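A.B. asks: At position 232 of the sequence shown the residue is numbered 232 (the UniProt record's numbering), and the sequence of numbers has no breaks.
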Amino acid sequence: MAVRGLEGRIDAGEVGRGHWRVTLLSGFGWMFDAMDVGLLSFVMVALAREWGLSQGQVGVAISAGLFGMFVGAAVSGTLADRYGRRAVMMATLLVYSVATGLTALAWGYGALLVLRFVTGLGLGGELPVASTLVSEVAPAKSRGRMVVLLESFWAYGWILAALIGFLVIPEYGWRVAFLIGSLPALYVLVLRRGLTESPRYLLRRGRHAEAREAAARLGVETEGLDEEEKQGEPVAGAGLRALWGGAYARRTLMLWVLWFGMVFSYYGIFTWLPQILAGSGRDLVSSFGFVLLITLAQVPGYFSAAYLVERWGRKGTLVVYLVGSAVAALVFGLRGLAADAPGMELVLWGSLVSFFNLGAWGVLYGYTPELYPTEARGSGTGWATGVGRIGGIVGPYLVGVMLGAPGLGTPAVFSMFAGVLLLIAANVWLLGEETRGRPLGEISGHKARVG
1 MAVRGLEGRI
11 DAGEVGRGHW
21 RVTLLSGFGW
31 MFDAMDVGLL
41 SFVMVALARE
51 WGLSQGQVGV
61 AISAGLFGMF
71 VGAAVSGTLA
81 DRYGRRAVMM
91 ATLLVYSVAT
101 GLTALAWGYG
111 ALLVLRFVTG
121 LGLGGELPVA
131 STLVSEVAPA
141 KSRGRMVVLL
151 ESFWAYGWIL
161 AALIGFLVIP
171 EYGWRVAFLI
181 GSLPALYVLV
191 LRRGLTESPR
201 YLLRRGRHAE
211 AREAAARLGV
221 ETEGLDEEEK
231 QGEPVAGAGL
241 RALWGGAYAR
251 RTLMLWVLWF
261 GMVFSYYGIF
271 TWLPQILAGS
281 GRDLVSSFGF
291 VLLITLAQVP
301 GYFSAAYLVE
311 RWGRKGTLVV
321 YLVGSAVAAL
331 VFGLRGLAAD
341 APGMELVLWG
351 SLVSFFNLGA
361 WGVLYGYTPE
371 LYPTEARGSG
381 TGWATGVGRI
391 GGIVGPYLVG
401 VMLGAPGLGT
411 PAVFSMFAGV
421 LLLIAANVWL
431 LGEETRGRPL
441 GEISGHKARV
451 G
């Protein structure tokens, strides 16, 4: 049976070279984003010692970048619905790369906060746009797996950050690390030449000829579309009000709670991990070495989630990985970080946190864009990630307060994170809907189903 319409042909197609090109080009941008985020975790250990910063000041510095990510995520989604996924992705990458290079020149704590905020604008803006782009070009039966594979580049970025922390910072200092972080600005030239715009976005803007050209670059057959299928009225981007209207209100509530808890726990744990290890009596090199080993576990976490997401579905895979992350975080805080715990036990439980948490992230970035129509997909994903960044502001700051408070320590911190992860797992189970294998048009065109 023939498939009508260009979007129907994209959904029904097979993954080809054009799809992989979009995923890889977006993935490398994602990797550079993660490298920049990870660099700060390692830099702050050295910077705190050099500038004599308190744990509270370290938490504020981390949260400054995450506040920028909140603003960037919320704004970039709306901009991507208006100006295109490709243009906004290039602009955000350029912003955070240049700002990171300027951070190498920071002359004081205040300048550091301002520059990390500007860096965060670009970092937070790129991620939802990239996931939206890959989600829109992927065939329906492979969409979840492709977005999880896109998210796996986050692990490679953190591994790069850990290597820079391990090899560069102890020898050459934190300013050189930030200069290295500015190099991705050159990658914009690669994106400008090779990245394909979303055909779905172009259709919604009434740019039908460009949409067919973009689809053809993906390997989608565009011959035989009749005039009715080629034409249509341009659709403007949707605003925040549309995300809370009708069937989308329940989806938006579920996603905002989920994103807040995910970002709260992830940034609270991983941005503080080098500092926690260095503060436990370990030297800088061994602390960074442990973090590098723990970070490596992110890679199998992503690939296992990519395998399961098209078998168990989005809801089932996400709930299992969130519960696994909660259990691992609890044991890591109570036992893995204990003063008498051997290094192997620390790495084991830390790696399990890394494995389950980042596997859940892979599913989340694939799941979120699926729940909104094309005209609201960028803004819906952007607002969800933006609300998540509020959790990212609160999490690292709260960790700094708790670690500095008498009677509290890492067991209390990680028990808190375990509780949050269990709560958001219940949120997904109760309010989420399954989207596996369903065309994007069907998901956005039908009333939300729960169960």
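Just so you know, even glycine gets a beta-carbon here, dropped at the ideal spot from N, CA and C. All figures in this text were calculated on a predicted structure; none of them were measured in a lab.
Between Thr-295 and the ligand NAP, is there a pair consisting of the residue's CB and a ligand heavy atom that are separated by less than 6 Å?
C.D. replies: In terms of ligand content, the structure shown is empty, and the ligand NAP therefore cannot be addressed.
A.B. asks: Identify every run of the alpha helix (DSSP H) within the region 137-187, keeping only runs that are complete inside it and at least 4 residues long; order them along the chain.
C.D. replies: For the region 137-187, whole alpha helix (DSSP H) runs of length 4 or above, ordered along the chain, are 143-167, 169-172, 174-180.
A.B. asks: How would you label Tyr-267, buried or exposed, when you count the other beta carbons within 10 angstroms and need 16 or more for buried?
C.D. replies: One-based indexing of the sequence shown puts residue 267 at position 267. Tyr-267 is buried by the Cβ-count criterion.
A.B. asks: Between Gly-366 and Leu-93, what straight-line distance do the alpha-carbon atoms span, to the nearest angstrom?
C.D. replies: The residue labelled residue 366 in the question sits at position 366 within the sequence shown. The residue labelled residue 93 in the question sits at position 93 within the sequence shown. So the alpha carbons of these two residues sit roughly 21 Å apart.
A.B. asks: Just checking, does the region 65-73 make contact with the region 169-179 on the three C-beta pairs under 8 Å criterion?
C.D. replies: Verdict: no, contact absent.
A.B. asks: Under the three-state reduction of DSSP, which class applies to Ala-338: helix, strand or coil?
C.D. replies: The residue labelled residue 338 in the question sits at position 338 within the sequence shown. In the structure shown, Ala-338 sits in coil (DSSP, three-state: anything other than H, G, I, E or B).
A.B. asks: Would you check if the region 131-151 and the region 11-24 touch, i.e. whether three or more CB-CB distances between them fall below 8 Å?
C.D. replies: They touch, by the three-pair rule.
A.B. asks: Would DSSP call Gly-343 helix, strand or coil?
C.D. replies: Here residue 343 refers to the residue found at position 343 of the sequence shown. Helix, per DSSP.
A.B. asks: Check Thr-410 in the structure and name its three-state DSSP category.
C.D. replies: Position 410 of the sequence shown, counting from 1, holds the residue named residue 410. It is helical.
A.B. asks: Does any C-beta atom of chain C lie closer than 7 Å to the C-beta of Gly-386?
C.D. replies: Looking at the structure shown, chain C is missing, and only one protein chain is on hand.
A.B. asks: Could you tell me the alpha carbon to alpha carbon distance between Gly-388 and Met-254, rounded to whole angstroms?
C.D. replies: Looking up residue 388 in the sequence shown gives position 388. Looking up residue 254 in the sequence shown gives position 254. Rounded to whole angstroms, Gly-388 to Met-254 spans 12 Å at the Cα level.
A.B. asks: Which residue marks the beginning of the alpha helix (DSSP H) containing Leu-66, and which one marks its end?
C.D. replies: Along the sequence shown, read from residue 1 onward, the residue named residue 66 stands at position 66. Residues 55-83.
A.B. asks: Is Glu-433 buried or exposed, if buried means 16 or more other CB atoms sit within 10 Å of its CB?
C.D. replies: Translated into positions along the sequence shown, residue 433 becomes position 433. Counting Cβ neighbours within 10 Å, Glu-433 comes out buried, since at least 16 surround it.
A.B. asks: Could you tell me whether the region 314-332 touches the region 114-126, using the rule of 3 or more Cβ pairs below 8 Å?
C.D. replies: Too few Cβ pairs lie closer than 8 Å, so no.
A.B. asks: Tell me whether Met-35 is buried or exposed, calling it buried when 16 or more other Cβ atoms sit within 10 Å of its Cβ.
C.D. replies: Here the question's residue 35 lines up with position 35 in the sequence shown. Met-35 should be labelled buried.
A.B. asks: Exposed or buried, what is Asp-81 when buried is set at 16 or more other beta-carbons lying within 10 Å of its beta-carbon?
C.D. replies: By 1-based counting over the sequence shown, the position of residue 81 is 81. By the neighbour-count rule (16 or more Cβ atoms within 10 Å), Asp-81 is buried.
A.B. asks: Among Pro-342, Ala-99, Ala-418, which has the Cα closest to the Cα of Asp-33?
C.D. replies: Translated into positions along the sequence shown, residue 33 becomes position 33. The candidate whose alpha carbon is nearest that of Asp-33 is Ala-99.
A.B. asks: Using CA coordinates, which residue listed in Ser-97, Gly-289, Gly-391, Arg-86 is at the minimum distance from Gln-275?
C.D. replies: Within the sequence shown, residue 275 is the residue found at index 275, counting from 1. That would be Gly-289, whose Cα lies nearest to the Cα of Gln-275.
A.B. asks: So which of Tyr-156, Val-137, Gly-173 has the shortest CA-CA distance to Arg-212?
C.D. replies: Taking the sequence shown and counting its residues from 1, the one referred to as residue 212 is at position 212. It is Val-137.
A.B. asks: With a 10 Å radius around its C-beta and 16 neighbouring C-beta atoms as the bar for buried, classify Val-190 as buried or exposed.
C.D. replies: Translated into the one-based positions of the sequence shown, residue 190 becomes position 190. Exposed is the call here.
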